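In my numbering, the protein residues as written are -14 to 430.
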């Protein structure tokens, strides 16, 4: 990382601390263990998405006007409060839903504040003469270090969540202490509270190279909304940007729903709780190889070929999810794990290539907005379908009816993704009459 400047190194550290959450291996299960239902979980995810939708683009435009660093600092402070509110939430109480409701709003606000601003801080700090080559290296290092971060956070998070592991370890060490599930449930959150404080320290060290507007706050807000409208118009009139964002929202939504419900998929596959983190660690190790491969692929292959690889891997992942084979079926999920890494790298690389510097934070926020909107809607639809199927009583004779209803809904994933890809391909061909590769080469800055 010797060729990277200060902001690019800080971006790597910020992304790791902000995104590598210790509770991710148990994400859906954590909501359920606090006392929520799958439909409530889906509703809360929609609340999270809506909060981002309301704040994402204005925050990106605001960053362009008053400074990206301020937005990144705000996101770190919001993350601290986001985790803190869950630590104060009593498990199984009547206020759990509303505590999570406020948590989701804070989380969405933190995500919106960081989205676009952190990347713009790093990208614009690179000299224009070798910006593209250094940015490729930066994104590669981001992916590698995030993979390492996910390895550690996944293993540690799943282990400290498991009361069996904690109690057996304490017993082996000679301690006469017994922790309940309600207590170990919050252990990953305590660890995340520490990393949230770490993100604030990192955010304070960023250097602001962008020259923000010197107008007052009210004028800055007006300029932010004006910039939002202009960026939206630019996206609509720039075919490459429009297509990249369309691809991002469709592919990202189903992959993120997969990650969101992954802990419940582990239960269907009969994977022990203590090992969930190790499964995620293996996926992250593979992600390191993917990061190295991505840099080579953008140099060697066309955008159409690269996104074709993402399509193939995602479809295989959807197929594996629908089969849900206990035990060794976990291996079949590997394509879905890798598809997210490929998608993130390709979207960032190509979208930055076609976006002018003065609109970068705003356009990147548009990308985040569209993807979060699609994710929130798809999560809600999946949650409603699961809840309705559960309420039919079709699975009442089984041990865990709600889990069986969830498993049944997974069978439709390959059909949904296949039809969606076909519709997206037809739309792009009819509207633009050019391949993705030609659109990007034409609009490259």
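Think of the CB as a built atom: it goes at the ideal place given N, C-alpha and C, for glycine as much as any other residue. Remember, predicted model here, so these are calculated numbers, not experimental data.
Asked, Found
"Per-residue DSSP class, three states only, for residue 158", "coil"
"Backbone secondary structure at residue 178 - three-state DSSP", "helix"
"Given 8 Å, three or more beta-carbon pairs between the segment 361 to 381 and the segment 218 to 228", "no"
"Contacts around residue 386, its chain only, beta-carbon distance under 7 Å, and the 5 residues preceding and following it disregarded", "375 and 380"
"Three-way DSSP call (helix, strand, coil) for residue 222 in this model", "coil"
"Cβ contact check for the segment 99 to 111 and the segment 346 to 354: 3 or more pairs under 8 Å", "yes"
"Contiguous alpha helix (DSSP H) assignments of at least 4 residues, all confined to the segment 342 to 406", "345 to 376 and 386 to 394"
"Touching by the beta-carbon criterion (3+ pairs, under 8 Å), the segment 316 to 326 and the segment 412 to 427", "no"
"Nearest-angstrom Cβ-Cβ length linking residue 85 and residue 29, presumed shorter than 8 Å", "5 Å"
"Residue from 152, 33, 16 and 361 whose Cα sits closest to the Cα of residue 164", "152"
"Own chain partners of residue 269 with C-beta closer than 6 Å, once the 5 adjacent residues on each side are dropped", "132, 135 and 136"
"Nonlocal neighbours in the same chain, by C-beta distance under 7 Å from residue 4, ignoring five residues either side", "131"
"Residue 69 versus 58, 92 and 378, residue with shortest Cα-Cα distance", "92"
"Closest by C-alpha distance to residue 74, when choosing among 94, 108 and 168", "168"
"The segment 227 to 247 contacting the segment 325 to 342, beta-carbon criterion three pairs below 8 Å", "yes"
"For residue -4 and residue 221, the rounded distance between their alpha carbons", "29 Å"
"The alpha helix (DSSP H) enclosing residue 107, as first and last residue numbers", "102 to 108"
"Distance CB(residue 142)-CB(residue 112) smaller than 7 Å", "no"
"Contacts around residue 413, its chain only, beta-carbon distance under 7 Å, and the 5 residues preceding and following it disregarded", "228"
"Endpoints, alpha helix (DSSP H) assigned at residue 192", "Here residue 192 belongs to no alpha helix (DSSP H), and DSSP marks it neither H nor E."
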